[in-house]
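Visitor: The structure follows.
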Amino acid sequence: MSDLTININGEHVTANVEPRLSLADFIRDHQRLTGTHLGCEHGVCGACTVLMNGEPVRSCITFAVVADGTEITTIEGFDDDEPMAQLRQAFHENHALQCGYCTPGMLVAARDIVTRLPDADEDRVRLELAGNLCRCTGYVGIVKAILSVLEQRCS
Amino acid sequence: MPDGTSEFGIGAKVLRKEDARFLNGHGRYVADIARPKMLEAAIVRSPVAHANNLKVTAPEDSKGRFFTADDLSADCVAPIHVVSKFPGHKGSDYPHLANGKLRFVGEAVAVCLAETRAAAEDMVAATGLTFDALPPAIDMIADAEPGAPKVHDDWEDNVILDSRFEENTDAFKESAVSVTRDFRMNRQAVNPLEGGAVLAEWDAREERLVVHSASQIPHILRNALCECLGLSQNQVHVIAPDVGGGFGYKCVLLPEEIYIPWVAMQVKRPVRWIQDRREHLVTAANAREHHYSVTLHADSDGNFIGIEADIHVDSGAYAVYPHSNILESTMAGRTLHGPYKMSAYKVRSRAVATNKPPIVPYRGVARPGICFAMELAVDALARELGREPCDLREQNLVPVEAMPYTTITGGEFDSGDYPEALRRARGLIDLPAIRARQEAGEDDGRQIGIGFGCYIEMTALQTSAAARAGLAAIPGYEQAQVRLMPDGGLEIGVGVQNHGQGMETTLAQVACEKFGLEIEDVAVRHGDTATSPYSTGTYASRSMVMAGGAISRTCDVLGERIRKIGAHLLQCDLSQTEISSAAVTGPSGSVPFAEISRVWYRNPEELPDSVDPGGVEAVSGFRPEPDNSPFSYATHAAVVAVDPDLGSVEILDYVISEDCGTIVNPMIVDGQIIGGALQGVGTALFEESNYDAEGQPLSSTFADYAMPGSTHLPVLRLDHLVTPSPLTEFGVKGLGEGGAIPPPAAIANAVNDALREYGVEVAETPITPRRVLTAIWKAKQSRLSSVETS
Ligand code: FES
Ligand code: FES
């Protein structure tokens, strides 16, 4: 067992966990923050994307112990975040979600795009999204939503 | 007919009511639900495709935490058994846990329970299995013949059902031109992003089994639980909470939906099983896998005479409940004609059992395969005749003046202008411009091609068709429960299940259309057997047609009761009242719903003695009249660039011209079509569940099973024709599946058009670079050898 100190969504959390425990399972099962989803558990679909020290990571292939001493932000932790508020509204208006399962990971990835790449065009947005699978929407609404937020943030 | 004036009614682009919870991480899927003292399950699965004399050795110290088929049979748990009324159909049990014989890699053998999934998986690793391996049946064509390894020992051969559809075969003699081709649509996996998931517990207070499952069919699951576990209907409560996509995979019963609840009853603790992606890809969610040998006949002017075909469908080892293992083969056999008129038909279709997972009905069911075979044959015929494929289609599509049209096999097309959809798609994609561009050639050495795919989709499976097949779930009148709430809002209960289709919004729009309510005043409840009327669930593009129809009809019943109270309050005759803007209006003024509710619920002393004691809550139902299905249709057109050196295919343009009847919510209709189309692109170019000769699955992760992603269909233009169906409320037709049907056909035809100078025809999905290069290489070889021999 290993000791662990993480700041999750602004809350200081200490725990004693098995070394093999994934960050995703720690977030979902131990912290009961179930907004972070698991679509593949092998690092391809992006549903489990969270921010670690501000950078997107796949929590399914990150051990919880690796996150020791870091700041983790999950979909539940963006209440006062401007880009996330813009993205949520844009996702809603552009029908960027159907079943909603990919949505939390998609939003975290999208927030990374709009904050890191203010000049991204559609091709770039599509390329950046290639690490997140959505089985429902065909991505059109998602891409439109992200482009609309990029535009908003420019002006 | 809706006039489009209601702000939230039929035709309005209403933003989705259900979005907020998903955007904020508050969706609640089965895996998000935890119960006190819950145990997690992991499943021991078969490592081989075919074996007998299975013996299982439990891990040490696993008493009361480890269960096998012996435990199920000791408790008299009945296996899944799907029957069919089709003569000659071979039935078999689908054991929940393998019992002596193993029939596919991944078949469930034993359940391990522990406090965490990881600990349960440790138990799986510590379980011992011995068996005598048998040669597997893997190839549906070879293994349909006598002498092949038998999947079910008591069957004569592996042919589950051999169906023949023959009409007017003499007419084939009149054909002047015939093309014969073999086509294959390979096995793939459904892959909703959430896989299967079950959480079960015995509720001692309610004295009933409570099962949360990621299901499209909660009431049918309840039936199955009662049948298998010997429980009465009021002892089972099934809840499908938020469900992360289904696409058909979740409209069949999973063995886990029976044995996990049973195990939970044994250990008297909640038990949860969450399917991981490997389990999904390997054990449970396989679909498609059709092979067609097709001959299309025409006269010298290109008028289709008819089609002959020999079809094989690899149905896998077992029949899934309730839709059986012959849904695909019979649909393929009966409707291979697609949207075309023809006068002769001779099709044999066999469903074949193999040592692979059972196939499940995936978006479009047999139609992506049917459309692929028919549309590629049409293009082959066009090349033979030296005709523009698009023109040949236009000439042979059922024309608008023939509607309603009875097909060669007895189907009934209700309405629509099929050639117009084709013409509009041709116009939008600008066929002449593409032909000109092909003439000019590409600077980068790639070859450009254009392809079309036309389809029809029978939506909302009708009662008589399901009854003819003897399915375990036969849809009758779909029902809705509509209740005026004490504050004048509306709560609607439906038995269909919403898992991405936006039905919490679109079904509410039906009530808004009828009563002029605001969208936020209507709540739609679904997916819970305790709170909704019985339904066969969501599948076959039926929910908007059926549940929408039911809500409309129920609003009529409820509306009259509301008007009666309103007439009393307005002191006028019932016939003088009408409902609009959520109020009853009469000659002297109007009474809002909130006031009607106040009187009914809070001040009943104000009601007259003659009031209807049924109150302000009603249940009624709908089904199409006559009992036929509305047919949706579309033409898809694709422009691709093929790199003859790399074999890669890029989609340059894609157009869809479709008709789903009256559109309830244009935003959601577009979303369904686009999402379906990308799944079709996956079928066309990427997705394949591969098996080796021993029946070992080779596509067990998203690394070796390629899913379509954000870069694969960058351009997509939609166009809508609207021909209201005469059969349904508001004229709506089903829509959910259609987008996924023709992309493999349109894209393959485009690839073949691009490579026509090479003499290449691809005839198999997915069209991977390897398959393209192999086809080019083979065409070269045969040219070389014909040069040598001449
Ligand atoms: S669940 Fe982590 S990438 Fe798929
Ligand atoms: S909305 Fe269902 S997976 Fe993206």
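Residue numbers (the working numbering), protein chains in the order written: chain A, 1379 to 1533; chain B, 1100 to 1889.
Each residue gets a CB set at the ideal place from its N, CA and C atoms; glycine is no exception.
Note that the structure is predicted; figures quoted are calculated from it, not measured.
Looking at chain B, which residues of the stretch 1468-1483 of chain A have a Cβ within less than 7 Å of any of its Cβ atoms?
Guide: Residues F1469, H1470, E1471, H1473, L1475, Q1476, C1477, G1478, Y1479, C1480, T1481 and P1482.
Visitor: Alpha carbons only, please: which of G1526(B), A1241(B), A1792(B) and G1615(B) is nearest the one belonging to R1816(B)?
Guide: Cα-wise, what sits closest to R1816(B) is G1526(B).
Visitor: Less than 7 Å between C-beta atoms, sequence neighbours within five positions excluded: which residues of the same chain meet that for I1240(B)?
Guide: Hits under 7 Å: H1390 and H1411.
Visitor: Do we get a CB-CB distance below 8 Å when we pair Y1753(B) with the residues of chain C?
Guide: Here chain C cannot be found, since the structure's protein chains are A and B.
Visitor: Kindly examine ligand 1 and report whether one of its heavy atoms sits closer than 7 Å to the Cβ of C1654(B).
Guide: C1654(B) Cβ: outside cutoff for every heavy atom of ligand 1.
Visitor: Which chain A residues are close to T1508(B), counting only those with a beta carbon under 7 Å from its beta carbon?
Guide: The contacting residues do not exist; T1508(B) stays about 33 Å from chain A at best.
Visitor: With a threshold of 8 Å on Cβ separation, who are the neighbours of V1499(B) within its own chain once the five nearest residues in sequence on each side are excluded?
Guide: These residues qualify, in order along the chain: G1515, D1516, Y1517, P1518 and E1519.
Visitor: Have a look at F1801(B), P1841(B) and P1868(B) and flag the residue whose alpha-carbon is nearest the alpha-carbon of V1422(A).
Guide: The candidate whose alpha carbon is nearest that of V1422(A) is F1801(B).
Visitor: Counting only Cβ pairs nearer than 7 Å, list the residues of chain B close to H1408(A).
Guide: The premise fails here: H1408(A) is roughly 10 Å from chain B at the closest Cβ pair, so nothing lies under 7 Å.
Visitor: Given that a residue counts as buried once 16 or more other Cβ atoms are within 10 Å of its Cβ, and exposed if not, what is P1245(B)?
Guide: Exposed: under 16 other Cβ atoms inside 10 Å.
Visitor: Taking C-alpha atoms, which residue in F1166(B), A1465(B), K1184(B) and D1281(B) lies nearest to A1566(B)?
Guide: A1566(B) has its Cα closest to that of K1184(B), out of F1166(B), A1465(B), K1184(B) and D1281(B).
Visitor: Enumerated in chain order, which unbroken segments of the beta strand (DSSP E) with a length of 3 residues or greater are wholly contained in the stretch 1551-1617 of chain B?
Guide: Runs of the beta strand (DSSP E) inside the stretch 1551-1617 of chain B: 1577-1583 and 1589-1593.
Visitor: Determine whether the beta carbon atoms of S1442(B) and I1469(B) lie at a separation below 8 Å.
Guide: No.
Visitor: For a contact defined as C-beta to C-beta under 8 Å, what are the partners of V1435(A) on chain B?
Guide: Residues of chain B passing the Cβ test: none, with the nearest at roughly 17 Å.
Visitor: When burial is assigned at 16 or more other CB atoms within 10 Å of the CB, is L1834(B) buried or exposed?
Guide: Result: buried.
Visitor: Out of A1666(B), G1569(B) and P1825(B), point me to the one whose CA is closest to P1707(B)'s CA.
Guide: When each option's Cα is compared against that of P1707(B), the closest is A1666(B).
Visitor: Quick check: is the beta carbon of P1460(B) nearer than 8 Å to any beta carbon in chain A?
Guide: False, the Cβ-Cβ gap to chain A never drops below 8 Å.
Visitor: In the DSSP assignment, the beta strand (DSSP E) including F1166(B) goes from what residue to what residue?
Guide: Segment F1165 to T1167, the beta strand (DSSP E) holding F1166(B).
Visitor: Does at least one heavy atom of ligand 2 sit under 7 Å from the Cβ of C1426(A)?
Guide: Flag unset: Cβ of C1426(A) not near ligand 2.
Visitor: Please find out if some non-hydrogen atom of ligand 1 comes closer than 7 Å to the beta-carbon of R1513(A).
Guide: Because no heavy atom of ligand 1 lies under 7 Å away, the Cβ of R1513(A) does not count as near it: no.
Visitor: Per DSSP, what kind of secondary structure is K1154(B) in: helix, strand or coil?
Guide: It is a strand residue.
Visitor: Distance cutoff 8 Å, beta carbons only. Does I1405(A) sit that close to anything in chain B?
Guide: No, its Cβ sits nowhere closer than 8 Å to a Cβ of chain B.
Visitor: State yes or no: is the beta carbon of G1388(A) nearer than 8 Å to at least one beta carbon in chain B?
Guide: Output row for G1388(A): interface = no.
Visitor: Using CA atoms only, rank isn't needed, just tell me which of G1516(A), S1533(A), E1396(A) and F1469(A) is closest to V1486(A).
Guide: Among G1516(A), S1533(A), E1396(A) and F1469(A), the Cα nearest to that of V1486(A) is on F1469(A).
Visitor: In whole angstroms, give me the CA-to-CA distance for S1262(B) and Y1517(A).
Guide: In a straight line, the C-alpha of S1262(B) is about 40 Å away from that of Y1517(A).
Visitor: Would you say R1502(A) lies against chain B (beta-carbon separation less than 8 Å)?
Guide: Chain B contact via Cβ: absent.
Visitor: Quick one: which chain B residues come within Cβ less than 7 Å of G1447(A)?
Guide: Within 7 Å Cβ-Cβ: nothing; G1447(A) doesn't reach chain B, min ~24 Å.
Visitor: Quickly, what does DSSP pair N1454(B) with across the bridge? List them, please.
Guide: Answer by DSSP bridge pairing: none, since N1454(B) is not bridged.
Visitor: Considering only heavy atoms of ligand 1, does any lie closer than 7 Å to the CB of C1477(A)?
Guide: Every heavy atom of ligand 1 is 7 Å or more from the Cβ of C1477(A), so no.
Visitor: Rounded to the nearest angstrom, what separates K1522(A) and A1418(B) at their Cα positions?
Guide: Approximately 42 Å between the Cα atoms of the pair.
Visitor: Can you find a C-beta in chain B that's less than 8 Å from the C-beta of V1422(A)?
Guide: Interface residue, yes.
Visitor: Less than 8 Å separating the beta-carbons of S1640(B) and A1559(B)?
Guide: The answer is yes: Cβ separation under 8 Å.
Visitor: Does the beta carbon of I1439(A) come closer than 8 Å to any beta carbon on chain B?
Guide: Cβ-Cβ to chain B under 8 Å: no for I1439(A).
Visitor: Under the three-state reduction of DSSP, which class applies to K1272(B): helix, strand or coil?
Guide: K1272(B) falls in the helix class under three-state DSSP.
Visitor: Flag R1376(B) as yes if its beta-carbon sits less than 8 Å from any beta-carbon of chain A, otherwise no.
Guide: Judged by the 8 Å Cβ criterion, R1376(B) is in contact with chain A.
Visitor: Determine the DSSP secondary structure at S1642(B), reduced to helix, strand or coil.
Guide: Note: S1642(B) maps to helix in three-state DSSP.
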